[in-house]
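All remarks here apply to the structure that follows.
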Amino acid sequence: MRQTIETAYAKINLSLDVTGRREDGYHLVKMVMQSVDLCDSLTLATQDRNLEQMKISLTSDICSLPPRDKNLVWKAVTLMADEFGLHTDVFVNIRKRIPMEAGLAGGSTDAAAMLRAMRDLFVPDLPDTELQRLGVRLGADIPYCIRGGTQLAEGIGEVLTELPDAPSCAVILVKPKEGASTPQIYRGYDALEEVERPDIGRQIRAIQSGDLVTMAGCCCNVLEQVTGRMFPVIGQIEKWMEERGALISRMTGSGPTVFALFEDAEQARLVLERFREESLSENCTSFLSGFVPGSEVRKKDGDYRQK
Numbered sequence: 011m012r013q014t015i016e017t018a019y020a021k022i023n024l025s026l027d028v029t030g031r032r033e034d035g036y037h038l039v040k041m042v043m044q045s046v047d048l049c050d051s052l053t054l055a056t057q058d059r060n061l062e063q064m065k066i067s068l069t070s071d072i073c074s075l076p077p078r079d080k081n082l083v084w085k086a087v088t089l090m091a092d093e094f095g096l097h098t099d100v101f102v103n104i105r106k107r108i109p110m111e112a113g114l115a116g117g118s119t120d121a122a123a124m125l126r127a128m129r130d131l132f133v134p135d136l137p138d139t140e141l142q143r144l145g146v147r148l149g150a151d152i153p154y155c156i157r158g159g160t161q162l163a164e165g166i167g168e169v170l171t172e173l174p175d176a177p178s179c180a181v182i183l184v185k186p187k188e189g190a191s192t193p194q195i196y197r198g199y200d201a202l203e204e205v206e207r208p209d210i211g212r213q214i215r216a217i218q219s220g221d222l223v224t225m226a227g228c229c230c231n232v233l234e235q236v237t238g239r240m241f242p243v244i245g246q247i248e249k250w251m252e253e254r255g256a257l258i259s260r261m262t263g264s265g266p267t268v269f270a271l272f273e274d275a276e277q278a279r280l281v282l283e284r285f286r287e288e289s290l291s292e293n294c295t296s297f298l299s300g301f302v303p304g305s306e307v308r309k310k311d312g313d314y315r316q317k
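Numbering (our numbering), first residue to last: 11 to 317.
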């Protein structure tokens, strides 16, 4: 049996702007995306049997994975099988740590990791650019998750410009119990009369110069103006974090997860310990994390091997 292991890193939006809307209803965006080291682990194995069609066995350490017709990992395997005429057996195991429906691209990054794994086992000469072209069929965040690191994302999220690695810092992630519906949030955004927009150009210049403080000060997410009104706990967590030394605290994606950036990892650890003792943390899931460069996202965790 051959197998390979992939790490699927979560992402946060250091900034998120909506720049327009296509005729098909998709919103056009401009975002600075960043991988963080909160991650899932995916194992893909095959016995290389010659079958009439692809046979997929999917297991996980959680029981709440989406059904096949909505499961992006299942769809990623099927897409690669259809695209390259693969008729064999695959065994997939997902170890989940990224919360679902959190604005952290949990499903998209798992699908991206599975696309990389399928490529590495079956079509190793396929470049990342082609993998990204396939991945966007499944979701706009997947091309970014294939590459990872610090990237400017435009279009519907699939047009990527690689940026220098963002200045290193500690990151606290807090996922409130509330769930945010992305379509509902975008409908709410469309109804806004005035929008506070991020200065993404300034943020990119700060990243290029390694200026963490200015980069953090430019963090802004236009969707928070919708999700934050629906769930006041988002603003309450942000205020609490900033009062205890965070450079900035903002929502990622369409929410409801909040991130807080700290210059000092020990300070972040102590703040997180204190937060977990507060009533504000009730029903929240929280993590201590950090930035991950793109080179680390694309690094192999385990070579394919015989078992």
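Ideal Cβ placement from N, Cα and C applies to all residues, glycine included.
Please read all numbers here as calculations on a predicted model, not as lab measurements.
Residue i (DSSP reduced to helix, strand or coil)
i       : result
Thr-29  : strand
Gln-386 : Nothing about residue 386 can be reported from this structure: the residues present for the chain run from 11 to 317 only.
Cys-230 : strand
Arg-295 : The residue you asked about is not Arg; residue 295 is Thr in the sequence shown. In the structure shown, Thr-295 sits in a strand (DSSP, three-state: E or B).
Gln-218 : helix
Leu-348 : Since the first and last residues shown for the chain are 11 and 317, residue 348 lies out of range.
Ile-244 : helix
Arg-239 : helix
Met-110 : coil
Thr-267 : coil
Leu-280 : helix
Gly-255 : coil
Gly-149 : coil
Lys-249 : helix
Glu-287 : coil
Leu-202 : coil
Arg-308 : coil
Asp-135 : coil
Glu-93  : helix
Thr-88  : helix
First and last residue of the uninterrupted alpha helix (DSSP H) at residue i
i       : result
Glu-273 : Unbroken run through Glu-273: none, as it is neither H nor E.
Glu-188 : Segment: none, Glu-188 is in no alpha helix (DSSP H) and carries neither H nor E.
Ser-118 : 116 to 132
Arg-260 : Run containing Arg-260: none in the alpha helix (DSSP H); it sits in the beta strand (DSSP E), 258 to 261.
Pro-153 : 152 to 157
Paired residues, beta bridge with residue i - DSSP
i       : result
Tyr-19  : Cys-49
His-37  : Arg-31
Ala-180 : Phe-272, Gly-300
Asp-99  : Lys-65
Ser-70  : Ile-104
Val-42  : Ser-25, Leu-162
Cβ-based burial, residue i [other Cβ within 10 Å; buried from 16]
i       : result
Asp-313 : Confidence at Asp-313 is low in this model, with a pLDDT of 42, below 50, so the placement of that residue is unreliable and no value is reported for it.
Lys-317 : Reliability of the predicted coordinates at Lys-317 is poor, the pLDDT of 33 falling under 50, and no value is obtained from them.
Glu-283 : exposed
Asn-116 : Checking the displayed sequence, the identity of residue 116 turns out to be Gly instead of Asn. Gly-116 comes out buried.
Phe-94  : exposed
Arg-315 : Bear in mind that the predicted position of Arg-315 carries a pLDDT of just 38, short of 50, making it too unreliable to give a figure here.
Pro-266 : buried
Met-207 : The residue asked about is misnamed: residue 207 is Arg in this sequence, not Met. So Arg-207 counts as exposed.
Cys-73  : exposed
Thr-69  : exposed
Gly-149 : buried
Ala-299 : Correcting the residue type first, residue 299 is Ser in the shown sequence and not Ala. Under this definition Ser-299 is a buried residue.
Gly-167 : buried
Gln-57  : exposed
Gly-189 : exposed
Thr-139 : exposed
Met-11  : exposed
Gly-238 : buried
Gly-211 : exposed
Extent of the continuous beta strand (DSSP E) to which residue i belongs
i       : result
Thr-160 : 160 to 164
Arg-143 : Note, Arg-143: premise wrong, no beta strand (DSSP E); alpha helix (DSSP H) at 138 to 145.
Arg-207 : Taken as a continuous stretch (DSSP letters only), Arg-207 belongs to no beta strand (DSSP E), as it is neither H nor E.
Arg-78  : Note, Arg-78: premise wrong, no beta strand (DSSP E); not H, not E.
Test: residue i CB closer than 9 Å to a CB of chain C
i      : result
Ala-86 : The chain inventory of the structure shown lacks chain C, comprising one protein chain alone.
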